[in-house]
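Data block below; observations after.
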Amino acid sequence: MPTVPVLTIDGPSGVGKGSVARIVAGKMGWHLLDSGAIYRGFALAAQSRNISFNDEPGLAKLAEKLDLRFESVEGQELLNVYLDGEEVSKELRTEQTAELASQLAVIAPLRAALLKKQQQFEQTPGLVADGRDMGTVVFPDAPYKIYLTASAEERAQRRLKQLQNSTNAGNISQILAEVKKRDERDANRKHSPLTPARDALIIDTTCLTIDEVIARVMALVEV
Ligand code: C5P
Numbered sequence: 318m319p320t321v322p323v324l325t326i327d328g329p330s331g332v333g334k335g336s337v338a339r340i341v342a343g344k345m346g347w348h349l350l351d352s353g354a355i356y357r358g359f360a361l362a363a364q365s366r367n368i369s370f371n372d373e374p375g376l377a378k379l380a381e382k383l384d385l386r387f388e389s390v391e392g393q394e395l396l397n398v399y400l401d402g403e404e405v406s407k408e409l410r411t412e413q414t415a416e417l418a419s420q421l422a423v424i425a426p427l428r429a430a431l432l433k434k435q436q437q438f439e440q441t442p443g444l445v446a447d448g449r450d451m452g453t454v455v456f457p458d459a460p461y462k463i464y465l466t467a468s469a470e471e472r473a474q475r476r477l478k479q480l481q482n483s484t485n486a487g488n489i490s491q492i493l494a495e496v497k498k499r500d501e502r503d504a505n506r507k508h509s510p511l512t513p514a515r516d517a518l519i520i521d522t523t524c525l526t527i528d529e530v531i532a533r534v535m536a537l538v539e540v
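Residue numbers (this note's numbering): 318 to 540.
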């Protein structure tokens, strides 16, 4: 068992992993890794530098020197994100950026280059890491693993609500189609596909409130 306790929370788009991870990390006083934000930040960096999505060596090189910084702001739910010193928090959270991130996330050398960056978040007193491959690839020895699921319709509703809180939202049928497309790509890619770790506790959150989900996760980590 690693010396730093790690809780991994994986699952498909819009399932609420980010909120659950943030609240549990706050309750435990642990660090937080939003690995999706790393993929999204990388997508913005590749786009702004006009690096072709076919240029795998170029993308891997960019991933190695990615200058992405997260900053928590008092009274604000979401972290501020800086790419090369410039704030990109809003662009980072759009559906377009999520789609670009999902297209890039199939590239193995890029995933390999981002692996160490993610593992560096493993610091005392503990870490909550959310994403798609936290329990399977990035922190396979984590003592606590959760996999959250929910119906695609419920996840699209949650994503719409989240987008309405932050930026221009779009409509529900469009979001449902986008969420399904991304999940399909994430679950069927060759490298680090979206799948529960064999030792993960699977929680179907379709009919649960966030407080109920948090209670189940806390029951796992608070021993
Ligand atoms: O979690 P989020 O929606 O921010 O992730 C955006 C995209 O980044 C996902 O659809 C997925 O393709 C990719 N991703 C990944 N592995 C992770 C986290 C995110 O492939 N650990």
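Each residue gets a CB set at the ideal place from its N, CA and C atoms; glycine is no exception.
{"Query": "Any non-hydrogen atom of the ligand C5P within 6 Å of D450 CB", "Result": "yes"}
{"Query": "Segments of 4+ residues assigned as alpha helix (DSSP H) that fall wholly inside the stretch 396 to 422", "Result": "406 to 409, 412 to 421"}
{"Query": "Cβ contact check for the stretch 359 to 366 and the stretch 343 to 351: 3 or more pairs under 8 Å", "Result": "no"}
{"Query": "Helix, strand or coil at A514 [DSSP, three-state]", "Result": "coil"}
{"Query": "C-beta contact flag for L477 and W347 at 7 Å", "Result": "no"}
{"Query": "Strand pairing of L386, partner residues [DSSP]", "Result": "A small correction: the amino acid at residue 386 is Arg; Leu does not occupy that position in the sequence shown. R386 pairs with Y399."}
{"Query": "Sub-7 Å separation of R475 and G331 beta-carbons", "Result": "yes"}
{"Query": "heavy atom of the ligand C5P below 6 Å from A415 C-beta", "Result": "yes"}
{"Query": "Residue burial classification, Q437 (beta-carbon count within 10 angstroms, cutoff 16)", "Result": "exposed"}
{"Query": "Residue(s) in a DSSP beta bridge with Y461", "Result": "L324"}
{"Query": "Local Cβ density within 10 Å of T325, reported as buried at 16 or more and exposed below that", "Result": "buried"}
{"Query": "Any non-hydrogen atom of the ligand C5P within 6 Å of S336 CB", "Result": "no"}
{"Query": "Local conformation of T523 per DSSP, three classes", "Result": "coil"}
{"Query": "Helix, strand or coil at A380 [DSSP, three-state]", "Result": "helix"}
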